[in-house]
Amino acid sequence: ALLLLTQPALAKDNNTAKILVGEWRCTQNLTPEEGINLSVEYIQLFTAQRNFTLDGTMEISFTMEEMRQMLGGSSLNYLFEGSGSWSTQPKRLTIKTENANMTPNSPLAQQMHDAGIMDVNDLRDMQSEDAFIINSLTKNSLTLTHEEEGFTAQCSRTK
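Read in order, the letters of the sequence shown correspond to residues 5 to 163 in the working numbering.
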């Protein structure tokens, strides 16, 4: 009898996985602390083999004048890429990043890296597992909320 109860959930999970397969353009906007805005844009490709790649940009902007003066600029820009595996459960997406790479993409970010203040080498090959709540998923749009940190990712299908 238990098997009969789990069948619909399993079917729904397989359907979710099928819809996810493809390429998505995503954005995330966060305020990790007062005076700092984090804007992330990336392309994420989910394969049918449950692997993924992602490629994007991250901008850290400073909204407080004293912070801008201290750093000598208003934002830091980075390029990043990563890959790993993914899995679904009902209303959940788990992304396991196994390879990550980040490079400075603005003079200020490069200066901070060179000075060892924000060394992107510390983030290289960082492994993480992130769980997301699937708020909505259609053929062409996806909205996720990070379970621990609460930020939202808005995605639209590109392919």
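Note that the Cβ used here is the ideal one computed from N, Cα and C, for glycine as well.
(Q) Report the CB separation of Glu27 from Thr162 in whole angstroms; it is logged as a contact under 8 Å. (A) Indeed, because the Cβ distance is near 5 Å, the residues count as touching under 8 Å.
Q) What does Phe155 pair with, by DSSP beta-bridge criteria? A) DSSP, once it has assigned bridges, lists no residue as partnering Phe155.
Q. In this structure, does DSSP put Thr20 in helix, strand or coil?
A. Of the three classes helix, strand and coil, the one that applies to Thr20 here is helix, per DSSP.
Q: Output the distance between the C-alpha atoms of Glu69 and Leu83, rounded to the nearest integer angstrom.
A: Their backbone Cα atoms lie some 25 Å apart in a straight line.
Q) For Ala157, which of Ser132, Ser43, Lys95 has the nearest alpha-carbon? A) Comparing alpha-carbon positions, the option among Ser132, Ser43, Lys95 lying closest to Ala157 turns out to be Ser43.
Q) What's the call for Ile121, buried or exposed, on a 16-neighbour Cβ count within 10 Å? A) That one is exposed.
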